[in-house]
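Residue numbers (this note's numbering), protein chains in the order written: chain E, -1 to 629; chain A, 6 to 181.
Quick notes on the structure that follows.
Shown next as structure tokens:
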């Protein structure tokens, strides 16, 4: 009964299948099943073994590759397809004059190339580029068309994706190319035969910035230039290249869209504000060019400095290069002519050096203003005789007379009174024989022979006293004389960088004092002496309304056979106003032909410069200042 | 009770129900996997599309432009705008350069003034020309030591010593 109920319940409306009862058929099935299972089991085992073997081989290969010598090669090959290297250059910093006028900025230029797969007509691309760029200074050669054509065909064969065809293309040239491209795209769809449809398809461009100098040649010797590789050459551009250029960043840009690489936020290069005054620089260059024309000199330098701080207001030299066309460098600077004579060319300065000899003598106490010297026309030292510039004897002279008449014999005597040791110690304290540290590239150190050097002789003390036998640069002279001109005896480091703008802040370094070679009293005494001597001689350097101090210089130029040439270096150094010096002007004319004397060719240049300088610097005449003081 | 047991046993042992159960479980797993895969595909596809857009924008920044047939200039990357600003600044500098200004002076028949024609007057309160300032000077960094919490200054040993001291003090004060 219970079983029946269970069957009833289990069936639940279904008829339960009866179990087979045939024993024979069951046994036959059993045999077949076993055979089948054996067969199936064998096959499955074989398959299993095969798959296991394959799996093991794959694992072995994976492990082998990880430790194989080719691993790095495979990794690099994979990287080539998964990412590309991009170098991001920050914009180069600008350069301004002291009043914020742009001296060096940036302008747009374009790199032009082709996406090789997109090029439809190689001939058109080569023709268009060679025609549009025929006036470009780098692509104006006859074979440019053939070169483009060959490069594109070669790239097509090799499967190269992109090739650059031109760089530094101007916006005007690019506009012409774009116009040509539009015209070609509007051509009618006709059969163009074997030459194919003209097209500039595939030609692409990329904008970027190039250095630009809006003032052209103005201040070029101070600024330097930036070459095609973006590296600063000469001047400020070279000296501050790292700061101006900023820090480029190389980034591997992934091609996987799931791993987009962030483009770095680059810090732009540092902006520089120079001590140079554009108006004074332009005036100095104009005055110098006029002086070269009038005197027939080979070259020249005109420096303007604020002796109180060492700030260079103008550095005018010749020749000058338009930095926007720096590729003309070789044709402008011939025969090893330095880019900036003021810092890179040493010369024998002549009598302007007497200022420093007298400063040393007065400061040491070897001579005083009242010391008298009887000039007999010659003096013997180290076995040679020193004579005056006119070979004359000037009789009894005080120190003012010695400077006013620029007596070589007297200054040689002052040096002997001082002694070789103190004399050269003073000259070293004035910075001769070493670089001044001005923040311009390629500064020369000159040469100051001192006792103990193999080529120093006692006679050198005599010749050095009046600026012969010593090699100095104009910037060294300016730095040394700044200690006299500022009336404090403090020697200021000449510099052209006034401040820098970095990370949104303007940093202005404090002017640096490099030394204190003479006392304040000596500086003021010597300034008065030189002002009086100029007035006593009615020098061409005198400026109406302004009391200035200064000294002329005429130096013979050494040749391989001695001082046998008639050529001279004519110089003048002066500063003013004497009561409150605002400027120090240094003039050097190399090999003037109209007259060899500094008093004739260089002194008027100083006057011309100062007459315009006092206007540009808003310096009232002495009587006006005196009147205001008495008011 | 026995009936219930038999009832449960009867249903649990039913082969077709077991089969249905297994099919249901497998289908549930499959559907779950399909849903997860669908969501994953949807999200990754959108991420890939956005990634491609970003890459295209990056190409606009560091990449190349075709001579014709590109999108309008309404979308210009910041880098190109900065390049244009630099370019315009340089052009402006050229237009006000010394050489160009001299030409304008000549065109206007103006002569540079010389010292003889300058009249100097005393002007109370006159401020002379100031040199350029392209940016503010850096602010001096003032660090007030008293505002720095000891946690930022003390060493581990200082901290341990301080804790021991505080603990000793706490217990000493807690004593009657």
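All C-beta atoms, glycine included, are put in the ideal place defined by N, C-alpha and C.
- Proximal chain E residues relative to residue 57 of chain A, where beta-carbon distance stays under 7 Å: 255
- Going by alpha carbons, who is nearest to residue 299 of chain E out of E:386, E:263, E:244, E:567? E:567
- Does the beta carbon of residue 116 of chain A come closer than 8 Å to any beta carbon on chain E? no
- By DSSP, does residue 75 of chain E sit in helix, in strand, or in coil? helix
- Beta-carbon neighbours of residue 105 of chain E, restricted to chain A and to distances below 7 Å: 92, 95
- chain A within 8 Å of residue 495 of chain E, Cβ atoms only: no
- Task: Show which residues of chain A have a CB atom less than 7 Å away from the CB atom of residue 276 of chain E.
- Result: 103
- By Cβ distance below 6 Å, which residues in the same chain neighbour residue 245 of chain E in space, the five residues on each side in sequence not counted? none
- Query: If you run the structure through DSSP and keep just helix, strand and coil, what is residue 22 of chain E?
  - Reply: Summary for residue 22 of chain E: the model assigns pLDDT 49, below 50, so the residue's position carries little reliability; its value from the coordinates is reported in the next sentence. Reduced to three states, the DSSP call for residue 22 of chain E is helix.
- Message: Given a cut-off of 8 Å on the beta-carbon distance, is the pair residue 586 of chain E and residue 472 of chain E in contact?
- Response: yes
- Message: Pop quiz: residue 430 of chain E and residue 468 of chain E are said to be a contact at Cβ under 8 Å. What is the actual Cβ separation, rounded to whole angstroms?
- Response: 7 Å
- residue 59 of chain E by DSSP, collapsed to three states: which one? helix
- Message: Tell me which residues share the same chain as residue 395 of chain E and place their Cβ nearer than 8 Å to its Cβ, disregarding the 5 neighbours each side in the sequence.
- Response: 370, 371, 372, 373, 403, 405, 408
- Query: Residues in its own chain within less than 7 Å of residue 496 of chain E by CB, not counting five upstream and five downstream?
  - Reply: 96, 271, 272, 273, 309, 506
- Message: Any C-beta of chain A within less than 7 Å: which residues of the region 320 to 350 of chain E qualify?
- Response: none
- Examine the Cβ distances between the region 99 to 115 of chain E and the region 162 to 177 of chain E and report whether three or more of them are shorter than 8 Å. yes
- What's the C-alpha gap between residue 156 of chain E and residue 74 of chain E? 21 Å
- Look up residue 249 of chain E in the DSSP assignment and give the residues it is bridged to. E:84
- Residues of chain A with CB under 9 Å from residue 201 of chain E, in chain order? 71, 72
- Message: Judging by CA-CA distance, which residue of E:544, E:607, E:552 is the nearest neighbour of residue 577 of chain E?
- Response: E:544
- Message: I need the DSSP call for residue 120 of chain A, collapsed to helix, strand or coil.
- Response: helix
- In whole angstroms, what separates the C-alpha of residue 171 of chain A from that of residue 158 of chain A? 18 Å
- Task: Identify, in the order they occur along the chain, each residue of the same chain with its Cβ nearer than 7 Å to the Cβ of residue 535 of chain E, setting aside the five sequence neighbours on each side.
- Result: 402
- Beta-carbon spacing of residue 302 of chain E, residue 312 of chain E below 8 Å: yes
- In chain order, what residues of the same chain lie with their CB nearer than 7 Å to the CB of residue 266 of chain E, ignoring the 5 residues before and after it? 88, 89, 91, 244
- Item | Residues that residue 119 of chain A contacts on chain E, provided the C-beta gap is smaller than 9 Å | 609, 610, 613
- Can you list, in chain order, the residues of its chain whose CB lies under 8 Å from that of residue 454 of chain E, leaving out five sequence neighbours each side? 447, 448
- Query: Taking buried to mean at least 16 other C-beta atoms within 10 Å of its own C-beta, is residue 10 of chain E buried or exposed?
  - Reply: Confidence in residue 10 of chain E is poor, its pLDDT being 41 and thus under 50, which makes the residue's placement unreliable; the coordinate value appears in the next sentence. Exposed, by the Cβ-count rule.
- Under 8 Å between C-beta atoms, does residue 627 of chain E make it to chain A? no
- Message: Quick check on this structure: which residue in E:387, E:81, E:331, E:421 has the alpha carbon closest to the alpha carbon of residue 360 of chain E?
- Response: E:421
- Item | Inter-residue Cα distance where the pair is residue 193 of chain E and residue 184 of chain E | 17 Å
- Query: Tell me the DSSP bridge mates of residue 109 of chain E?
  - Reply: E:204
- Tell whether a beta-carbon distance below 8 Å holds between residue 236 of chain E and residue 442 of chain E. no
- Task: Give the DSSP-derived three-state secondary structure of residue 263 of chain E in the structure shown.
- Result: coil
- Message: Measuring CB atoms only, is the region 456 to 464 of chain E touching the region 332 to 342 of chain E, in the sense that at least three cross pairs come out at less than 8 Å?
- Response: no
- Query: Excluding five sequence neighbours on each side, which residues of the same chain lie with their C-beta closer than 6 Å to the C-beta of residue 350 of chain E?
  - Reply: 549, 551, 569, 571
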